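If you want the working numbering, it's the position in the sequence shown, counting the first as 1, plus 15. For glycine and all other residues, C-beta sits at the position ideal for the given N, C-alpha and C. In this text, all values refer to a predicted model and were calculated from it rather than measured experimentally. See below for the structure under consideration.
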Amino acid sequence: AFIEAAKGGKQRITLPNGKTLDVNIPAGVQEGQQIRLRGQGEPGAGGGPAGDVLIDITILAHPLFVREGDDIHLTLPISLQEAVLGAKIAVPTIDGPVTMNVAKGANSGGKLRLAGKGCVKSAAKGSAATRGDQIVTLQVRLPDKPDAALSAFIKDWAPEHDYDPRAKLKLN
16 AFIEAAKGGK
26 QRITLPNGKT
36 LDVNIPAGVQ
46 EGQQIRLRGQ
56 GEPGAGGGPA
66 GDVLIDITIL
76 AHPLFVREGD
86 DIHLTLPISL
96 QEAVLGAKIA
106 VPTIDGPVTM
116 NVAKGANSGG
126 KLRLAGKGCV
136 KSAAKGSAAT
146 RGDQIVTLQV
156 RLPDKPDAAL
166 SAFIKDWAPE
176 HDYDPRAKLK
186 LN
């Protein structure tokens, strides 16, 4: 699963011969890596030692998070009110929710970094493991149902506060 691959954990597997093993999944394991279980394979020919089992890692998709290297990406919906006025909001991470500040005037597509909230990086021998970051991309969401009061407010507000959100686009 996604969280076990990011943080490490245990996974129970059943081999084709029916043998069940609890496998330690190392933190930060990546899609396509192999884990070798020494001596857990079939008995060797002529009474030799048992062989190894090689497990190919496949990581299931997560409904919220996407992994890119050691970083975890999350698209976070925010309300119009939170975008305009700013807010402290709870953000899901692989370790549980944390509080994050959204600045006044936030826009969809704005990115915020939660340092050290990503996947465990493979540590060089003798050094401490570090973690990647979580990158939060803001997505302003309007109410699902049309709101007459909001529509009326914008109609009154817009003529006095004219701006072009596409001014930086080069349209030919």
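Distance from the Cα of THR152 is smallest, within the candidate group ARG27, LYS22, ALA121 and ASP37, for ALA121.
Less than 7 Å divides the Cβ of GLN149 from the Cβ of ILE87.
Per DSSP, the beta bridge partners of PHE80 are LEU89.
A Cβ-Cβ distance of about 12 Å is found for the pair ALA20 and VAL38, leaving them out of contact under the 8 Å criterion.
Rounded to the nearest whole angstrom, the C-alpha separation of LEU79 and THR145 is 22 Å. Exclusion of the five residues before and after ASP110 leaves LYS22 and LYS132 as the residues of its chain whose Cβ lies within less than 8 Å of its Cβ.
Here ARG82 is buried, its C-beta having at least 16 other C-beta atoms within 10 Å.
In this structure, the CA atom of VAL99 is about 5 Å from the CA atom of LYS119. Inside the stretch 18 to 69, DSSP marks no whole alpha helix (DSSP H) run of 4 or more residues. Judged by DSSP in its simplified three-state form, ASP71 adopts strand. Runs of the beta strand (DSSP E) lying entirely within the stretch 107 to 181, each at least 3 residues long, are 113 to 117, 126 to 129 and 149 to 156 in chain order. Minimum Cα-Cα distance from VAL117 among the listed residues GLY124, LYS103, ARG128 and ALA130 corresponds to LYS103. If you look at ALA98, you'll find it in the alpha helix (DSSP H) that goes 95 to 100. Each of ALA130, GLY84 and LEU36 was checked against the Cα of VAL68, and the nearest Cα belongs to LEU36.
Annotated as proximal: ASP71 and GLN49, with beta-carbon spacing under 7 Å. If you check the CB distance, PRO92 and ARG53 do not come in under 7 Å.
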